[in-house]
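Structure, as structure tokens:
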Amino acid sequence: MQWIIPKAQLDTLLRQYGSPQVEYKKRREYCQKIRAIGKELNLSSKISALSQIIFMRYFLYNSLNSCDPLYVISASIFLSMKLEDCRTKGIDELKKCCCDQFKEIKRIEENELLLYERKVLVGINFELNIETPHLYLNKLTNGFSIETNLKLDAWAFTNDLCCTHVVLTHTPFCIALLSLCFSSKQHKFDLSYDCDMIRSQCQKLSLKCPEETLSRTGKIHLLEFFAIKAEYVQEAMSALTQFYNP
Numbered sequence: 009m010q011w012i013i014p015k016a017q018l019d020t021l022l023r024q025y026g027s028p029q030v031e032y033k034k035r036r037e038y039c040q041k042i043r044a045i046g047k048e049l050n051l052s053s054k055i056s057a058l059s060q061i062i063f064m065r066y067f068l069y070n071s072l073n074s075c076d077p078l079y080v081i082s083a084s085i086f087l088s089m090k091l092e093d094c095r096t097k098g099i100d101e102l103k104k105c106c107c108d109q110f111k112e113i114k115r116i117e118e119n120e121l122l123l124y125e126r127k128v129l130v131g132i133n134f135e136l137n138i139e140t141p142h143l144y145l146n147k148l149t150n151g152f153s154i155e156t157n158l159k160l161d162a163w164a165f166t167n168d169l170c171c172t173h174v175v176l177t178h179t180p181f182c183i184a185l186l187s188l189c190f191s192s193k194q195h196k197f198d199l200s201y202d203c204d205m206i207r208s209q210c211q212k213l214s215l216k217c218p219e220e221t222l223s224r225t226g227k228i229h230l231l232e233f234f235a236i237k238a239e240y241v242q243e244a245m246s247a248l249t250q251f252y253n254p
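Using our numbering, read the sequence shown as starting at 9 and increasing by one per residue.
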């Protein structure tokens with residue numbers, strides 16, 4: 009199944025269920041619940057992001073009315089904790105935390121959680137090799153010696169973008185790079201480097217260089233080097249604006 013699709017195609021898919029803008033807003037709100045549960049359970053940003061991506065992928069080809077999204081949230085977090093081998097939190101603590109967050113649900117039975125876990129697995133076609141932007145952000149910030157404050161803000165932008173539809177329209181690497189660029193703009197930091205230096209770092213970090221920049225020389229901005237189109241930048245900025253000003 010295709011999980012990263014153009015925004016226009018995503019709009020068309022969501023139009024089956026209602027107004028795309030309303031659908032985006034609902035999904036953002038549910039992803040914010042996932043983040044709140046992750047914070048309460050002291051889960052890593054990566055596990056929360058993984059849960060959000062699983063949730064968004066499940067409802068890419070399913071209506072929010074097809075089943076209770078709150079149970080899908082619980083199952084997505086449960087599955088993500090298992091994928092990341094997070095054994096510090098038990099199923100009882102997860103169920104309690106979810107019930108605290110969802111006033112509509114008084115109690116989640118273990119068999120219900122396991123049932124929804126199976127539903128989610130089928131819904132995402134058992135495709136569990138899911139990357140999050142955090143892996144690439146860590147590589148970029150370390151590889152290009154980004155200062156701590158800029159790095160922290162880039163991490164925050166990544167977490168915010170994972171609450172939006174951008175996880176369905178942008179690759180994890182693209183989200184990481186855009187988060188770094190948004191942070192660098194705030195800090196007035198130039199992300200331009202010598203092409204040879206970028207290629208060297210890509211080799212060390214196991215990052216693929218776009219073919220169109222293999223022969224480039226001189227100083228170049230990371231966005232241009234990695235051939236990130238302006239429309240992707242604009243879409244991410246728009247998603248953040250809607251996230252900050254719902």
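For each residue, glycine too, the CB sits at the ideal point set by N, CA and C.
N-terminal and C-terminal residue of the alpha helix (DSSP H) that residue i is part of
i, result
"residue 200", "It is not in any alpha helix (DSSP H) - residue 200 instead sits in the beta strand (DSSP E) that spans 200–202."
"residue 159", "156–169"
"residue 142", "141–151"
"residue 119", "118–131"
"residue 24", "Where residue 24 is concerned, there is no enclosing alpha helix (DSSP H), given that its DSSP letter is neither H nor E."
"residue 77", "77–91"
"residue 66", "53–66"
"residue 194", "180–194"
"residue 246", "238–252"
Endpoints, the beta strand (DSSP E) within which residue i is located
i, result
"residue 228", "227–229"
Member of the options whose CA lies at the smallest distance from the CA of residue i
i, options, result
"residue 215", "148, 174, 74", "148"
"residue 233", "207, 252, 253, 211", "207"
"residue 217", "193, 197, 181, 238", "181"
"residue 154", "252, 196, 76, 104", "196"
"residue 242", "110, 178, 106", "178"
"residue 209", "116, 39, 150, 45", "150"
"residue 77", "252, 125, 239, 21", "125"
"residue 119", "130, 236, 156, 79", "79"
"residue 143", "65, 58, 69", "58"
"residue 237", "9, 10, 14", "14"
"residue 36", "71, 10, 174", "174"
"residue 67", "44, 19, 9, 131", "131"
"residue 44", "105, 17, 64, 24", "105"
"residue 2", "135, 32, 39, 198", "Nothing in the structure corresponds to residue 2, since the chain is present only between 9 and 254."
"residue 21", "56, 116, 213, 65", "65"
"residue 74", "24, 121, 252", "24"
"residue 69", "49, 19, 122", "19"
"residue 136", "89, 161, 116", "89"
"residue 185", "172, 162, 39", "162"
"residue 220", "109, 93, 235", "235"
"residue 108", "254, 176, 49", "49"
"residue 72", "33, 117, 56", "33"
"residue 40", "110, 122, 93", "110"
Supposed close pair residue i, residue j - CB separation, criterion 8 Å
i, j, result
"residue 54", "residue 140", "5 Å"
"residue 187", "residue 165", "4 Å"
"residue 12", "residue 62", "About 14 Å; that fails the 8 Å criterion."
"residue 85", "residue 42", "6 Å"
"residue 128", "residue 91", "Between residue 91 and residue 128 the Cβ distance is about 12 Å, and since that is not below 8 Å, they are no contact."
"residue 102", "residue 82", "7 Å"
"residue 146", "residue 9", "Not confirmed; about 27 Å, so no contact."
"residue 251", "residue 172", "5 Å"
Does the region 221–229 touch the region 190–203, meaning 3 or more C-beta pairs lie closer than 8 Å? A contact exists between the region 190–203 and the region 221–229.
For the region 244–251 against the region 166–173, are there 3 or more C-beta pairs whose distance is under 8 Å? yes
Examine the Cβ distances between the region 189–199 and the region 15–33 and report whether three or more of them are shorter than 8 Å. no
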